[in-house]
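Take a look at the structure set out below.
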Amino acid sequence: MNLAELIDRYCAVWNETDAARRRAMLDAVWAEDATYTDPTVHARGVDELVAHIGTVQAKRPGARILRTSTVEGHHGMVRFHWHAALADGTTLPEGIDIAWLSEDGNRIEKIVGFFGPLKRS
7 MNLAELIDRY
17 CAVWNETDAA
27 RRRAMLDAVW
37 AEDATYTDPT
47 VHARGVDELV
57 AHIGTVQAKR
67 PGARILRTST
77 VEGHHGMVRF
87 HWHAALADGT
97 TLPEGIDIAW
107 LSEDGNRIEK
117 IVGFFGPLKR
127 S
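Position in the sequence shown (from 1) plus 6 gives the number in this note's numbering.
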């Protein structure tokens, strides 16, 4: 699987509303004890991330996460932009995720996400 496929499979997890299917999808791309961190949460492992995604979906029913850039990688890390498209078609400002990959490049070991653009100095 190439980097874009891995990240697209990860992004699809955020759009799956059934928790059991979401867990199965995440199991395919998430390393054991992997972490997800953004300004609102630090989740460790599949169970915590599945629960967090469910909480996000409950706050924004029908919203979808869409990758909006290429996936750029080096030295076992990748970065990509994404945004949330709300059910009414409104899009939220782009975010960026940085992911650390397993040695074979087939699983995500850590993601750190940031919301919105950087402020200019």
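Ideal placement from N, C-alpha and C gives every residue a C-beta, glycine not left out.
When DSSP states are grouped into helix, strand and coil, H80 belongs to the strand group.
In this structure, the alpha-carbon of M31 lies about 25 Å from that of L98. DSSP places A105 in the uninterrupted beta strand (DSSP E) bounded by 101-107. Per DSSP, the unbroken beta strand (DSSP E) holding G119 starts and ends at 114-121. In the DSSP assignment, D44 is bridged to V47. For L72, DSSP records a beta bridge to H89.
The C-beta distance from W20 to R113 rounds to 17 Å, too long to fall under 8 Å, and the pair is not in contact.
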